[in-house]
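For the sequence shown, the residue numbers in our numbering are 3 to 248.
Note that the Cβ used here is the ideal one computed from N, Cα and C, for glycine as well.
What follows is a single structure, written as structure tokens, with notes after it.
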Amino acid sequence: MTVDVTEATFERDVLERSRELPVVVDFWAEWCGPCRALGPVLEKAVEERTGKVVLAKLDTDANPRIAGAFGIQSIPAVKAFRDGRVVSEFVGAQPPAAVARFLDELLPSEADGLVEAGDEEGLRRALDLEPGRADAAVALGRLLAERGERDEALSVLANVAGSFAADGLAARLRLEEDHPELREAFAALDAGDTEGGLDALIAAIGAADDGHREDLRRAVVGVLDELGVEHPLARESRRKLAAALY
């Protein structure tokens, strides 16, 4: 789909629409020869990806305030928007293959769709496609843990690097197995009593040995990561965690 946008329609047709589909904005002008070369390439590539991406064309001469707001100094300039913000861009006329790669990188991958579906078979396939993908591993780990297959869940999670969620879930599985007295704290988390569950886990840190102390920290950090940095409970719990650790 291709639309012409102006300063009056930019917010609706680009920023808001990009919350549903990627929107690629072609900043161009009538006098610009490279713009006339790039335009048909973009239009054809977008048409080939029917319904998956929107092409918005903005005449910089007619809409200088938008061009200025996005720092357009040379045209053609192409910016891709997703969720109301710029996520990728390039300047200058590009060959069809480069334009195709640019667009394809904006589209959900096969693994993205499988993770969103969330069934076990799909999650396993997502990990085959993208080994170590954290969101797939965490979702699959939870499914396995709920079935009592803790060893396999831990094996899946062990392949993930740099994920607070994966580390936190793995720590929880070890703690539930070795420290049954902590199951009540995890049950509180599952029941929606996040503050009570976190407080119980943090309180247990003082009496824990080094190995379990680190798993308690990982379990707490995993919950805080899920809450998000700005959540008031996350801020207060980080303070409590720091006091318990140091």
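Query, Result
"Cβ-based neighbour list, serine 165, same chain, cut-off 6 Å, excluding 5 preceding and 5 following", "Ala136"
"Within 7 Å, strictly: CB atoms of valine 101 and alanine 47", "yes"
"Sequence-distant residues of the same chain with beta carbon closer than 6 Å to alanine 168, five excluded per side", "Ala136, Ala139, Val140, Leu159 and Val162"
"Pair within 7 Å by beta-carbon distance, alanine 128 and glycine 143", "no"
"Nearest candidate by alpha-carbon position, reference leucine 23, set Gly194, Asp121 and Leu109", "Leu109"
"Nearest neighbour of glutamate 179, chosen from Arg84, Leu218 and Asp15 [CA to CA]", "Leu218"
"C-alpha gap between leucine 145 and glutamate 112, whole angstroms", "21 Å"
"Stretch pair the region 78-96 + the region 36-47: three plus CB contacts closer than 8 Å", "yes"
"Phenylalanine 166 (DSSP reduced to helix, strand or coil)", "helix"
"DSSP three-state assignment for alanine 64, whether helix, strand or coil", "coil"
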